[in-house]
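Participant: Just add 1257 to wherever you are in the sequence shown, counting from 1, and you've got my numbering.
The beta-carbon is built from N, C-alpha and C at its ideal position, and this holds for glycine as well.
Below is the structure I would like to discuss, written out as structure tokens.
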Amino acid sequence: MSVSSTAEARAGFVRLRPYQIQALERVQARIAEGVRRIVIVLATGGGKTTIAVQIILEAISRGQCVLFLAHRRELISQTYRRLVQMGVPEGEVGVLMGSDPRRRPGAKVQVASVDTLRNRAKPRADIVFVDECHRALARSYQEISAHYPDAVHLGLTATPYRADGRGLGDAYQELVVVASPSELIAEGFLVAPSVFTVPREHLPDLSSVHIRAGDYESKQLEDAVNRKALIGNIIEHWVQLANGKRTVAFAVSVEHSKHIAERFREAGVAAEHLDGTTPGDERDAILGRLEAGTTLVVANCNVLCEGWDQPSVKCAILARPTKSTGLYLQQAGRILRPWNDQRAIILDHAGCAVEHGLPQDDRDFSLDGRKKSGRRAVAEAPTKVCPSCCAVVPVACRTCPECSAEFPAPERVPEERSGVLVSAEEVREQHLRDEWEKLNRIAIERGYKPGWVFHRFKEKFGRLPPKRTTVTSAPAEPRSAAFARIQAQESSAAWAALRFRVQFGEPPPPT
Ligand SMILES: [Zn+2]
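Here it is in structure tokens:
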């Protein structure tokens, strides 16, 4: 029987979408060809659980056993509900999670919490699913996985990279990319958000924050971000652009998250905070109030990044700068499911959209991550920021899609160079700098005067030599060092002081 006809027959009222059927066929063809470890990549909202359940239905109809691993309570409950909803008899689904009463040792499908299963006897399995498999290289997963050397291992994720930017090639052999964000948007399964950032002075200064294991060092990051002025700006921005929308805010730390919620409440907006220590029922109550609209903003730190599904939440505040494209996409992806034709808004107070591209960009994924291949696995489209409304938009836009402002500068034509988009003008400038240096070397070798180089260049290219760019990009020199340098150049102290005053518009520092 073909995949699509079993899908039709078994899925009950959950009708598979055409791309989901295609994905099933591709995954099953690869398994039939002998591939044992496959990552199924599907943007948030693409329905990866539906695809997994379909594979599970077909496996148990052949008498096989399936283990489905997840690391969070909600993911486990959500998968359980989906299995039953799509036609797996309840008696054939067991849950292995703490003292959960749905424990059914004989059931063919076991949905297990990674933490629980680590310390228990492992159930039989012919197929091992790992949900949110970008974590699959963590030791707990590897330990469990090692018990199933002969099984087929299928990973599910929207973001196939690890936090440190490396790929999943150590755990999986192949990626099957199911549908790109642009396809999902075109078919109405996802909405493209409006993304707004803030002027540079309202972004945290991260110049002194160290990077560890691929992301910012968390204590230093908190110090840079948990500031009254920055949080105040978050509130103002929200009132201006997203007032009234159900909102999730992603913070750097528990303290930062609490402060964000507090400042919202001070401004008269119903806001709450939750973190990893919030008890399950309290958490459900908070999210229930958010759904009801009696709470408008829920701030959190690392709790609602993945696996949380509440389509009525249509605004995300990104207050956690990150070097991890995966984490950024997980957070932004929370609000992209369509709901009542409402606009999805991302308020980026972390500089993420400019650094990692827009969340709806189609990306090239690979199992290598970025390091092995020597360039970024992600080839996101370059963006720019609208000077009048701070929307982050594709670089090719002539007018702002949000505020209709016209962009002042004429567009440069981007040119592809080793996978990175740079402007054609930049390429040309670099070429001229190279030529200028070549002529200088010739002059030195042959003992020509500097004037020769100048004339030769002008003759060849019809213009003046390029300016040195290193000067402008050098970090600002401290005033005292600048004054010392000027003093060393000038024979008289009075002249040095005068030059300093002219250059900096202030008297020289005391020496
Ligand atoms: Zn604009």
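Applying the 10 Å Cβ sphere with the 16-neighbour rule, what's the burial state of Ala-1415?
Facilitator: Working through the sequence shown from its first residue, we reach residue 1415 at position 158. Under this definition Ala-1415 is a buried residue.
Participant: Determine the contact status of Leu-1531 and Val-1560, defining contact as a CB-CB distance below 8 Å.
Facilitator: In the sequence shown, residue 1531 corresponds to position 274, counting from 1. In the sequence shown, residue 1560 corresponds to position 303, counting from 1. Yes, the Cβ-Cβ distance between Leu-1531 and Val-1560 is below 8 Å.
Participant: Compare the C-alpha of Phe-1740 against each of Ser-1748, Ala-1753, Ser-1749 and name the closest.
Facilitator: For this step, residue 1740 is matched to residue 483 along the sequence shown. Comparing Cα positions, the closest option is Ala-1753.
Participant: Buried or exposed, going by whether 16 or more other CB atoms sit within 10 Å of the CB of His-1467?
Facilitator: Stepping through the sequence shown from its first residue, residue 1467 is reached at position 210. Classification of His-1467: exposed, given that the 10 Å Cβ count is below 16.
Participant: Can you tell me whether Lys-1305 is buried or exposed? The criterion is at least 16 other CB atoms within 10 Å of its CB, across all chains shown.
Facilitator: One-based indexing of the sequence shown puts residue 1305 at position 48. Looking at its Cβ environment, which holds 16 or more other Cβ atoms inside 10 Å, Lys-1305 is buried.
Participant: Use the C-beta contact count for Pro-1450: other C-beta atoms within 10 angstroms, 16 or more gives buried, fewer gives exposed.
Facilitator: As a position in the sequence shown, residue 1450 is number 193, starting the count at 1. Counting Cβ neighbours within 10 Å, Pro-1450 comes out buried, since at least 16 surround it.
Participant: Would you please state the rounded distance, in angstroms, between the beta carbons of Leu-1586 and Pro-1616? I believe it to be under 8 Å.
Facilitator: The residue given as residue 1586 occupies position 329 in the sequence shown. The residue given as residue 1616 occupies position 359 in the sequence shown. Right, the Cβ-Cβ distance comes to about 6 Å (below 8 Å), so this counts as a contact.
Participant: At a cut-off of 7 Å, would you count Glu-1659 as near ligand 1, judging by its Cβ distance to the nearest heavy atom?
Facilitator: The residue you call residue 1659 lines up with position 402 of the sequence shown. Yes, the beta carbon of Glu-1659 sits closer than 7 Å to at least one heavy atom of ligand 1.
Participant: What is the residue span of the alpha helix (DSSP H) that Phe-1521 lies within?
Facilitator: Reading the sequence shown from its first residue, position 264 is the one you call residue 1521. Unbroken alpha helix (DSSP H) run through Phe-1521: 1511–1523.
Participant: Gly-1351: buried (16+ other C-beta within 10 angstroms of its C-beta) or exposed?
Facilitator: Translated into positions along the sequence shown, residue 1351 becomes position 94. Classification for Gly-1351: buried.
Participant: Flag this pair as touching only if the segment 1398–1413 and the segment 1330–1339 have three or more C-beta atom pairs under 8 Å; answer yes or no.
Facilitator: Flag = no, the segment 1398–1413 and the segment 1330–1339 do not touch.
Participant: Give the list of continuous beta strand (DSSP E) stretches no shorter than 3 residues that lie fully inside the segment 1403–1477.
Facilitator: Qualifying beta strand (DSSP E) stretches, in chain order: 1409–1414, 1431–1436, 1451–1454.
Participant: Contact between the segment 1367–1382 and the segment 1399–1409 is defined here as three or more beta-carbon pairs at a separation below 8 Å; is this criterion met?
Facilitator: By the criterion of at least three beta-carbon pairs nearer than 8 Å, the segment 1367–1382 is in contact with the segment 1399–1409.
Participant: Runs of 4 residues minimum, wholly inside the segment 1271–1314: which ones carry the alpha helix (DSSP H) assignment?
Facilitator: 1275–1289
Participant: Using CA atoms only, rank isn't needed, just tell me which of Tyr-1398, Leu-1447, Gln-1279 is closest to Asn-1597.
Facilitator: In the sequence shown, counting from the first residue as 1, residue 1597 sits at position 340. The shortest Cα separation from Asn-1597 among Tyr-1398, Leu-1447, Gln-1279 belongs to Leu-1447.
Participant: Applying the criterion that 16 or more other CB atoms from any shown protein chain within 10 Å of the CB defines a buried residue, is Gly-1537 buried or exposed?
Facilitator: If you number the sequence shown from 1, residue 1537 lands on position 280. By the 10 Å Cβ count, Gly-1537 comes out exposed.
Participant: Can we count Ala-1610 as close to ligand 1, meaning its CB is less than 7 Å from some heavy atom?
Facilitator: The residue you call residue 1610 lines up with position 353 of the sequence shown. Ala-1610 Cβ: outside cutoff for every heavy atom of ligand 1.
Participant: Would you mind reading off the limits of the beta strand (DSSP E) that contains Asp-1532?
Facilitator: Here residue 1532 refers to the residue found at position 275 of the sequence shown. Here Asp-1532 belongs to no beta strand (DSSP E), and DSSP marks it neither H nor E.
Participant: Output the boundary residues of the alpha helix (DSSP H) element that contains Lys-1485.
Facilitator: Working through the sequence shown from its first residue, we reach residue 1485 at position 228. 1485–1498 is the span of the alpha helix (DSSP H), which, as asked, contains Lys-1485.
Participant: For the candidate residues Leu-1463, Tyr-1705, Ala-1589, Phe-1325, whose alpha-carbon lies nearest to that of Val-1310?
Facilitator: Your numbering for residue 1310 matches position 53 in the sequence shown. The candidate whose alpha carbon is nearest that of Val-1310 is Phe-1325.
Participant: With three or more C-beta pairs closer than 8 Å as the rule, is the segment 1492–1507 touching the segment 1471–1478?
Facilitator: Between the segment 1471–1478 and the segment 1492–1507, the count of Cβ pairs shorter than 8 Å is below three; the stretches do not touch.
Participant: Please state if the CB of Ala-1576 and the CB of Ala-1610 are separated by a distance shorter than 8 Å.
Facilitator: Within the sequence shown, the letter at position 353 stands for residue 1610. Within the sequence shown, the letter at position 319 stands for residue 1576. By the CB criterion at 8 Å, Ala-1610 and Ala-1576 fall outside the cutoff.
Participant: How about Ser-1623: is its Cβ closer than 7 Å to a heavy atom in ligand 1?
Facilitator: For the purposes of this step, residue 1623 is taken as residue 366 along the sequence shown, with counting starting at 1. At a cut-off of 7 Å, the beta-carbon of Ser-1623 does not count as near ligand 1: no heavy atom of the ligand is closer than that.
Participant: Rounded to the nearest angstrom, how far is the Cβ of Phe-1453 from that of Leu-1604, given a contact under 8 Å?
Facilitator: Start at 1 with the first residue of the sequence shown, and residue 1453 comes out as number 196. Start at 1 with the first residue of the sequence shown, and residue 1604 comes out as number 347. That belief holds up - the Cβ atoms of Phe-1453 and Leu-1604 are roughly 6 Å apart, short of 8 Å.
Participant: Going straight from the alpha carbon of Lys-1485 to that of Val-1296, what length do you get?
Facilitator: Position 228 of the sequence shown holds residue 1485. Position 39 of the sequence shown holds residue 1296. Those two C-alpha atoms are separated by around 42 Å.
Participant: Nearest-angstrom Cα distance between Thr-1726 and Pro-1764?
Facilitator: Indexing the sequence shown from 1 puts residue 1726 at position 469. Indexing the sequence shown from 1 puts residue 1764 at position 507. Per-residue confidence for Thr-1726 stands at a pLDDT of 36, beneath the threshold of 50, marking its modelled position as unreliable; the derived number appears in the next sentence. Taking the straight line joining both Cα atoms gives about 28 Å.
Participant: Is DSSP giving Ile-1592 helix, strand or coil here?
Facilitator: For the purposes of this step, residue 1592 is taken as residue 335 along the sequence shown, with counting starting at 1. Note: Ile-1592 maps to coil in three-state DSSP.
Participant: Per DSSP, which residues does Val-1505 bridge with? Please list them.
Facilitator: Here residue 1505 refers to the residue found at position 248 of the sequence shown. According to DSSP, residue pairing for Val-1505 in a beta bridge involves Val-1555, Ala-1573.
Participant: By DSSP, does Asp-1605 sit in helix, in strand, or in coil?
Facilitator: Your numbering for residue 1605 matches position 348 in the sequence shown. Here Asp-1605 sits in strand by DSSP.
Participant: With distances taken from CA atoms, which of Cys-1646, Arg-1720, Gln-1744, Lys-1706 is nearest Val-1455?
Facilitator: Counting from 1 along the sequence shown, the entry for residue 1455 is found at position 198. For the residues Cys-1646, Arg-1720, Gln-1744, Lys-1706, the minimum Cα distance to Val-1455 belongs to Cys-1646.
Participant: What is the rounded straight-line gap between the Cα of Glu-1493 and the Cα of Leu-1487?
Facilitator: To locate residue 1493, count along the sequence shown from 1; it is residue 236. To locate residue 1487, count along the sequence shown from 1; it is residue 230. Whole-angstrom Cα-Cα distance: 10 Å.
Participant: Which partner residues does Ala-1528 have in the DSSP bridge list?
Facilitator: In the sequence shown, the residue the question calls residue 1528 occupies position 271. Ala-1528 pairs with Val-1554.
Participant: What residues are listed by DSSP as bridge partners for Phe-1757?
Facilitator: For the purposes of this step, residue 1757 is taken as the residue at position 500 of the sequence shown. Bridge partners of Phe-1757: none, in fact.
Participant: Does DSSP put Ala-1750 in a helix, a strand or coil?
Facilitator: The residue you call residue 1750 lines up with position 493 of the sequence shown. Helix, per DSSP.
Participant: Assuming Ile-1308 and Gln-1277 make a contact with CB atoms under 8 Å, what is their CB distance in whole Å?
Facilitator: Here residue 1308 corresponds to residue number 51 of the sequence shown, with the count starting at 1. Here residue 1277 corresponds to residue number 20 of the sequence shown, with the count starting at 1. 5 Å between Cβ atoms; contact.
Participant: Tell me which residue opens and which closes the alpha helix (DSSP H) that Asp-1357 is part of.
Facilitator: One-based indexing of the sequence shown puts residue 1357 at position 100. Per DSSP, Asp-1357 belongs to no alpha helix (DSSP H) and is neither H nor E.
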